[in-house]
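> Heads up: take any position in the sequence shown, counting from 1, add 1039, and you land on my numbering. Using N, Cα and C, we set each Cβ at its ideal position, and we do this for glycine too.
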Amino acid sequence: MAQRWVSAWHDVRVSEEQHKSDNRGRPVTEEFRAFVATDWAPRTSAKPVLAEVAPYAAERRAAVSAAFPGERLVIPAGGLKVRNNDCDYIFRPHTAFAHLTGLGGDREPDAVLVLEPLDDGSHESILYFRPLAGRATEEFFGDSRYGEFWVGARPGLADIEGELALSARHIDEFTEAVGKDVGSTGIRIVRDADRELTQALDALREGSAGSTESELLREADDELAHFLSTLRLVKDEWEIGQMREAIKVTANGFDAVIAGLPEALERGRGERWVEGVFGLHARHQGNGVGYDSICAAGDHANTLHWIKNTGDITDGDLLLLDAGVEVDSLFTADITRTLPVNGHFTEAQRKVYDAVFAAQEAGIAAVKPGAKFSDVHDAAIRVIAEHLHAWGLLPDGIDVEATLDKEHGQYHRRWMVHGTSHHLGLDVHDCALARREEYMGADLAPGMILTVEPGLYFKADDLLAPPELRGIGVRIEDDILVTSDGCENLSADMPRTSTDVEAWIANIPKD
Ligand code: GLY
Ligand code: MN
Ligand code: MN
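1) Using 8 Å as the cut-off, can you tell me whether the region 1283-1297 makes contact with the region 1364-1378, which would need three or more C-beta pairs spanning the two stretches below that distance?
2) Have a look at Gln1388 and Val1513 and give me their C-alpha separation to the nearest angstrom.
3) Is Tyr1478 near ligand 1, judged by its Cβ being under 7 Å from some heavy atom?
4) For ligand 3, is there a heavy atom less than 7 Å away from the beta-carbon of Asp1373?
5) If you count every other CB in all the chains shown that lies within 10 Å of the CB of Glu1314, and 16 or more means buried, which is it?
6) If you follow the beta strand (DSSP E) that Gly1201 is in, where does it begin and where does it stop?
7) On a Cα-Cα basis, can you pick out the residue from Pro1148, Leu1152, Ala1197 and Pro1408 that is closest to Thr1083?
8) With distances taken between CB atoms, is the gap from Pro1132 to Leu1139 smaller than 8 Å?
9) For Arg1230, does the three-state DSSP call read helix, strand or coil?
10) Who are the near neighbours of Ala1106 in its chain, counting only those whose CB is closer than 7 Å to its CB and skipping five residues on each side?
11) Can the beta-carbon of Ile1519 be found closer than 8 Å to that of Cys1526?
12) Any heavy atom of ligand 5 inside 7 Å of the beta-carbon of Glu1516?
13) When we look at the beta-carbon of Arg1122 and count the other beta-carbons within 10 Å, is it buried (16 or more) or exposed?
14) Going by DSSP in three states, Pro1081 sits in which element: helix, strand or coil?
15) Just to confirm, does Glu1492 get its C-beta within under 7 Å of one of the non-hydrogen atoms of ligand 2?
16) Measuring straight from C-alpha to C-alpha, what distance separates Thr1375 and Glu1070?
17) State the DSSP-derived secondary structure class of Arg1208, mapped to helix, strand or coil.
18) What do you reckon, is the C-beta of Arg1138 under 7 Å from a heavy atom of ligand 1?
19) Compute the distance between the beta-carbons of Leu1256 and Val1229, then report whether it is under 8 Å.
20) Is His1339 a contact residue of ligand 1, with contact defined as CB to any heavy atom under 7 Å?
21) In angstroms with no decimal places, state the Cα-to-Cα distance between Gly1246 and Asp1231.
22) Given a threshold of 16 other Cβ atoms within 10 Å of its Cβ, counted over all protein chains shown, does Asn1546 qualify as buried or as exposed?
23) From the DSSP output, read off the bridge partner residues of Cys1526.
24) Within its chain, find whatever has a CB closer than 8 Å to the CB of Ala1041; leave out the 5 residues flanking it on each side and keep chain order.
25) Please list the terminal residues of the continuous alpha helix (DSSP H) segment that includes Glu1305.
26) So within the region 1366-1451, which uninterrupted beta strand (DSSP E) runs reach at least 3 residues, ignoring any that extend past its ends?
27) Is Asp1361 near ligand 3, with its Cβ less than 7 Å from a heavy atom?
28) Helix or strand or just coil, what does DSSP make of Leu1243?
29) Give me the Cβ distance between His1383 and Glu1541, rounded to the nearest whole Å; I'm assuming they're in contact under 8 Å.
30) Any heavy atom of ligand 2 within a distance shorter than 7 Å of the CB on His1461?
31) Below 8 Å CB to CB, which residues in the same chain sit around Ala1135 once its five sequence neighbours on both sides are set aside?
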């Protein structure tokens, strides 16, 4: 049984590699093999850079262990994803894996965390991964995907044990260990982390004596994924620290974009320039961007997820920049500022901006323990509706209450179709598997971090919008921590009022 399951998983991975023709190979002589393996300095062991997160990750695993006693829990990091031919995307581990191990960016492709049930009802945490190969192996010099000559040195088993305070084993031991008592020990896997591994494990579980129906297996897996997603609803002290760092360096990225605005205008293709400038700082000060930056000038701001960033920026435009740095631990900020690129809002731009600001203030004021998550949106959207009504944009006979009516109103959504808030953390839209009653319908609790991001969007071709508002799109987005008696705006250092935004642009020396 174990043998069949071993080959099932490995075959899929390996067969993809073997389909490529060997048209660029070099001869590997015995002489070269012997020569390349010798005369290297002793390896130095990796620094325990993650020691700080280890106790927090252990506490998270303990919560998972308590929820699933007696069951084997499989949380893969996922593998490298092909971008084209033999080039992979930069690796990013599955979020649940990152959360439970503390391993951040670029670590460790093909690793699998297993919570192995123990007799006393607890679990042993074991990280199976592909450790650094010895210098006498073909991998050392010949494996362009994993070899040290090609992609650099990876940690060894002892490095990981020292760094993360859990057990580490070679990935080659994984299949045997996981399949050894299938049928008598319940096994759950995080399904979306590693497609091939999940398929192979499905085949193993379904084929085992007394097999469970695949539907039930899936439900059991989904229950695990749901638990892991909601485990992140309330952030621990270390996570909050990481979020503060992500927000701090994101602010630096916005400063750099402002410094580069004249150049962005002058060069043309300015949205691309802005994306690059922010990306440079994200990569320099963190792991990279936490999501594709939205660098939307003029009417592009009215396309909510404008990530093409292919446009020009011209004098008089507003630039809506929605961007966040993901720090090395993979926690990300998610911040939006809408900037008049020449430093001054027009009257019409300011009118829209100030309305959005008022809505955001109302939303932030609603963030406190015991309030419902949905109260934040309700507070912000009421202010949006009030402004639209005051400006005469709602249909005749529709007042604020009528448009806010959830059954028969909602006319205001034409100009703000999205929600005001989402949880934020390792994923930009964090805790995505939480059920509605655990998310929108849940009480806010200290340690939660959410965005408050109202907007108003008047498309250039919107015939219901007054001509002077057409082509104006504004969003203001901040990252808010729920505290014991209210909230803290973690991104409050970044100017938010129209006056402060103008002063910000004026005060940053330009490149
Ligand atoms: N950046 C995507 C969002 O604000 O949700
Ligand atoms: Mn957001
Ligand atoms: Mn955003």
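Short version:
1) yes
2) 8 Å
3) no
4) yes
5) buried
6) Premise fails: Gly1201 lies in the alpha helix (DSSP H), Leu1196 to Leu1203, not in any beta strand (DSSP E).
7) Ala1197
8) no
9) coil
10) Take Ala1106, set aside five residues on each side of it, and the residues of its chain with a beta-carbon closer than 7 Å to its own are Phe1266, in chain order.
11) yes
12) This structure simply doesn't include ligand 5; it includes ligand 1, ligand 2 and ligand 3 instead.
13) exposed
14) coil
15) yes
16) 59 Å
17) strand
18) Residue identity differs from the one stated: residue 1138 is His in this sequence, not Arg. No, Cβ of His1138 sits at least 7 Å from all heavy atoms of ligand 1.
19) Their beta carbons are not under 8 Å apart, which means Leu1256 does not touch Val1229 by this criterion.
20) no
21) 21 Å
22) exposed
23) Assignment of beta-bridge partners to Cys1526 by DSSP yields Val1521.
24) Unreliable positioning characterises Ala1041 in this predicted model, as indicated by a pLDDT of 44, which lies under 50. The coordinate reading is nonetheless provided below. Answer for Ala1041: Thr1214, Glu1215, Gly1218 and Lys1219, listed in chain order.
25) Leu1300 to Arg1306
26) 1374-1379
27) yes
28) Note: Leu1243 maps to helix in three-state DSSP.
29) 6 Å
30) The beta carbon of His1461 sits closer than 7 Å to at least one heavy atom of ligand 2.
31) The residues are Ile1114, Val1229, Ala1232, Ala1264, Leu1267 and Ser1268.
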